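Input: a single structure, listed below in structure tokens.
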Amino acid sequence: MIGQARKLLPALRYLPVLTLAGVIAPEALPQTISVDLGTGQGLTSGIVQMVAAITILSLAPSILVMTTSFVRIVVVLSLLRTAIGLQNAPPNSVVISLSLFLTGFVMAPTFMASYEAGIQPYMAEAITLEEAIPRALGPVQAFMGQHANEADVALFANMAKIENLESPEAAPFHVLAPAFMISELKRAFEIGFMVFLPFLVIDLVVSSILMAMGMMMLPPVTISLPF
Numbered sequence: 001m002i003g004q005a006r007k008l009l010p011a012l013r014y015l016p017v018l019t020l021a022g023v024i025a026p027e028a029l030p031q032t033i034s035v036d037l038g039t040g041q042g043l044t045s046g047i048v049q050m051v052a053a054i055t056i057l058s059l060a061p062s063i064l065v066m067t068t069s070f071v072r073i074v075v076v077l078s079l080l081r082t083a084i085g086l087q088n089a090p091p092n093s094v095v096i097s098l099s100l101f102l103t104g105f106v107m108a109p110t111f112m113a114s115y116e117a118g119i120q121p122y123m124a125e126a127i128t129l130e131e132a133i134p135r136a137l138g139p140v141q142a143f144m145g146q147h148a149n150e151a152d153v154a155l156f157a158n159m160a161k162i163e164n165l166e167s168p169e170a171a172p173f174h175v176l177a178p179a180f181m182i183s184e185l186k187r188a189f190e191i192g193f194m195v196f197l198p199f200l201v202i203d204l205v206v207s208s209i210l211m212a213m214g215m216m217m218l219p220p221v222t223i224s225l226p227f
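The numbering of the sequence shown is my numbering, which starts it at 1 and goes up by one.
Right, here's the structure in full:
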């Protein structure tokens with residue numbers, strides 16, 4: 001009995017905490033979250049706005065990829081990794097993280113202009129949501145128009161049967177977005193080719209030297225990698 005009592009003594013020090021928890025627990029009522037969508041026509045518009053907000057949030061990563069320089073940066077970095085001859089170094093997470101930070105650095109002026117033009121006045125209740133959206137998209141659309149090839153914009157505008165565009169910036173978003181992405185991919189592969197070419201020349205030179213020395217079983221990448 002004395003031995004069992006000694007074993008129970010360490011557990012007795014938690015008794016005040018358990019007692020306090022038992023006193024507080026009944027007072028911790030379950031919390032509920034309610035959303036007021038209105039009634040009648042207001043209910044329908046509230047549901048539509050909620051569905052639109054959820055859709056935009058789910059598509060936000062894709063929208064950021066489509067409207068920024070992320071595509072160009074990540075393709076160039078991936079081609080650079082391939083040109084060096086390292087398939088898994090740096091890993092994909094590092095390449096994507098570096099691309100995101102570089103994209104944020106490049107797009108910072110555009111995002112600031114978009115925030116000051118549309119988001120900040122809307123948060124200050126100076127303009128309505130219908131006015132804030134075009135103002136916020138204006139700087140982004142201007143950036144896309146400046147970096148989209150006119151031929152690509154004209155191609156998609158012709159397919160959409162839109163004529164007499166004064167400039168790429170004046171194109172609708174559904175025309176400008178695919179033209180911008182194609183232009184970014186084309187420019188990324190051009191930059192990647194220019195980056196890839198010196199590494200290819202080094203591999204060819206090292207391979208020729210190894211062949212002349214009779215070291216045909218030695219991979220050229222092993223020798224050319226430090227260079």
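For every residue, glycine included, the Cβ atom is placed at its ideal position computed from N, Cα and C. This one's a predicted model, so the numbers in the text were calculated from it and none came from an experiment.
Per-residue burial, residue i [other beta carbons within 10 Å of its own, 16 or more giving buried]
i           : result
residue 123 : exposed
residue 26  : Residue confidence is low: residue 26 scores 48 on pLDDT, short of 50, so the model does not pin down where it sits. Its coordinate-derived value is still stated next. Answer is exposed; the Cβ neighbour count stays below 16.
residue 209 : exposed
residue 79  : buried
residue 232 : Absent from the structure is residue 232, since the part of the chain shown begins at 1 and ends at 227.
residue 60  : exposed
Distance CB(residue i)-CB(residue j) smaller than 8 Å
i           : j           : result
residue 132 : residue 119 : yes
residue 184 : residue 71  : yes
residue 77  : residue 58  : no
residue 195 : residue 176 : no
residue 63  : residue 103 : no
residue 233 : residue 136 : Residue 233 lies beyond the residue range present for the chain, which begins at 1 and ends at 227; the question has no answer from this structure.
residue 75  : residue 192 : yes
residue 179 : residue 156 : yes
Neighbourhood of residue i by C-beta distance below 6 Å, restricted to the same chain and skipping five residues each side
i           : result
residue 169 : 142 and 145
residue 232 : This structure cannot speak to residue 232, because the chain is shown only from 1 to 227.
Beta-carbon contacts of residue i that lie in its chain and below 7 Å, excluding the five residues immediately before and after
i           : result
residue 113 : 139
residue 110 : 139, 140 and 143
residue 150 : 168
Run of the alpha helix (DSSP H) containing residue i, from where it starts to where it stops
i           : result
residue 158 : 150-159
residue 86  : First-last for residue 86: undefined, no H or E at that position.
residue 109 : 92-114
residue 183 : 173-212
**Request:** Assess, as a yes-or-no matter, whether the segment 81-91 is touched by the segment 50-61 under the definition of 3 or more beta carbon pairs within less than 8 Å.
**Result:** no
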